[in-house]
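Engineer: Take a look at this one; I'll ask things after.
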Amino acid sequence: MPVSDTVARDDTDAEGDRLPINELFASLQGEGKLAGVPSTFVRTSGCNLRCWFCDSFHTSWEPTHAWMSLDEIVAEVESLSPEHVVVTGGEPLVHDETDALLSALADDYHLTVETNGTLDTDAPVDLASVSPKLASSTPTPENAPADVDPGVWTERHENARVDLDALASLVEHAAEFQLKFVVTGRDDLDEIESLVADVRGVADREVRDSDVLLMPEGQTREQLARTRTEVADLAASFGYRYTPRLHVDLWNDAPET
Ligand SMILES: C[S@@+](CC[C@H](N)C(=O)[O-])C[C@H]1O[C@@H](n2cnc3c(N)ncnc32)[C@H](O)[C@@H]1O
Ligand SMILES: Nc1nc2[nH]cc(C(=O)O)c2c(=O)[nH]1
Ligand code: SF4
Ligand SMILES: [Mg+2]
28 MPVSDTVARD DTDAEGDRLP INELFASLQG EGKLAGVPST FVRTSGCNLR
78 CWFCDSFHTS WEPTHAWMSL DEIVAEVESL SPEHVVVTGG EPLVHDETDA
128 LLSALADDYH LTVETNGTLD TDAPVDLASV SPKLASSTPT PENAPADVDP
178 GVWTERHENA RVDLDALASL VEHAAEFQLK FVVTGRDDLD EIESLVADVR
228 GVADREVRDS DVLLMPEGQT REQLARTRTE VADLAASFGY RYTPRLHVDL
278 WNDAPET
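Going by the working numbering, the sequence shown opens with residue 28, and the numbers climb by one from there.
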């Protein structure tokens, strides 16, 4: 599994606000405008969507986690050396406590939030890394992960996956932003063009083509090898930016990478 299926820590009995944490580790940012930058990753568990391709199965379809207090999370982040912190999930913004975590870290770190763009935040964020989900992400009985029946999630995911107000708020609020689309093939591009036009229509901030990133779908090196050249060619022909998935190239689907 690309994220941890069992969690190597105990629930805290500390006082105060807590978050369900699937993993907390140092690595290189693998995706987006900051690809290659040493970063500490805080991965919350739990999501309001169910992408069929989710590379973090144990935060969405089958969540695992330990409950950690915000003080414990901050202390563990401090014990690792990177100046950049990436708060991800699951969907980190489903938890009210994520705002408090971001506020606690803001003075000392560059903060990236990885979000599916359906929820917004008032907390301080340096890079809003927004990955709106396309129709091609919707789970069906045919594409769902092994041993999973998507059930109500086909409709729930489809209804919830795009919220233009939340997208506008995220784009306007953070110091910097990127719109990072997971691309499965040429058919995704019409929806990306239309969604980017919609965001330009509602957001009170310029969205440049270079803020739009196309990322190949693939949880493993083998899967990425099948999608990345087509996605790179699409980025070149549409004038958008391509982002690799460096961590998959380097460490395949190992946990804590
Ligand atoms: C696991 S998600 C967590 C953050 C948030 N829930 C989201 O979807 O943006 C982290 C990043 O991985 C991307 N991702 C998930 N599964 C993927 C896959 N199979 N191929 C490529 N990117 C994937 C997401 O689109 C997102 O940019
Ligand atoms: N190395 C590395 N870079 C990443 N960038 C975004 C990630 C995520 O899961 O949100 C991620 C991840 O899981 N690992
Ligand atoms: S929104 Fe993110 S965490 Fe949730 S299922 Fe999709 S990729 Fe996974
Ligand atoms: Mg990841």
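Glycine included, every Cβ here is placed at the ideal spot set by N, Cα and C. Bear in mind the structure is a predicted one, so any value in this text is a computation, not a measurement.
What number of angstroms, rounded off, separates the C-alpha of SER156 from the C-alpha of ASP238?
Structural biologist: Rounded to whole angstroms, SER156 to ASP238 spans 10 Å at the Cα level.
Engineer: In the DSSP assignment, find the beta strand (DSSP E) that holds LEU138 and state where it starts and stops.
Structural biologist: Residues 137-142.
Engineer: From PRO29 to TRP88, what does the alpha carbon distance come to, in whole angstroms?
Structural biologist: Because PRO29 sits at a pLDDT of 42, beneath the cut-off of 50, its placement in the model cannot be relied upon, and the point is left open.
Engineer: State buried or exposed for VAL189, treating a residue as buried only when at least 16 other CB atoms are found within 10 Å of its CB.
Structural biologist: Its Cβ being crowded by 16 or more others within 10 Å, VAL189 is buried.
Engineer: On a CA-only basis, which of GLU103, PHE208, VAL64, VAL112 is nearest CYS78? Give me that one, please.
Structural biologist: Among GLU103, PHE208, VAL64, VAL112, the Cα nearest to that of CYS78 is on PHE208.
Engineer: Say yes only if the C-beta of ASP82 is nearer than 8 Å to one or more non-hydrogen atoms of ligand 4, and no if none qualify.
Structural biologist: The answer is yes for ASP82.
Engineer: What is the DSSP secondary structure of GLN246, reduced to helix, strand or coil?
Structural biologist: Looking at GLN246 - three-state DSSP - the assignment turns out to be coil, as it is neither helix nor strand.
Engineer: With a CB to CB cut of under 8 Å and the five nearest residues on each side skipped, what residues in its chain are close to ARG45?
Structural biologist: Contacts found: THR39, TRP94, MET95, SER96, LEU97, GLU124.
Engineer: Between the Cα of VAL113 and the Cα atoms of LEU194, ASP176, LEU132, which residue gives the shortest distance?
Structural biologist: When each option's Cα is compared against that of VAL113, the closest is LEU132.
Engineer: With DSSP as the reference, label THR80 as helix, strand or coil.
Structural biologist: Per the sequence shown, the amino acid found at residue 80 is Phe instead of Thr. If DSSP states are grouped into helix, strand and coil, PHE80 belongs with coil.
Engineer: Please state whether DSSP places ASN186 in a helix, a strand or coil.
Structural biologist: Residue state, collapsed to three classes: helix.
Engineer: Run through the DSSP bridge pairs and tell me what HIS16 is partnered with.
Structural biologist: Residue 16 is absent from the structure shown; the chain starts at 28 and stops at 284.
Engineer: Mind checking which residues open and close the beta strand (DSSP E) that includes THR157?
Structural biologist: In the sequence as presented, Thr is not what sits at residue 157; that position holds Val. Counting along the chain, the beta strand (DSSP E) containing VAL157 begins and ends at 154-157.
Engineer: Could you have a look at SER87 and say whether DSSP puts it in helix, strand or coil?
Structural biologist: Here SER87 sits in coil by DSSP.
Engineer: Report the rounded CA-to-CA distance for ALA171 versus ASN75, giving the unit in angstroms.
Structural biologist: If you take the alpha carbons of ALA171 and ASN75, they lie about 16 Å apart.
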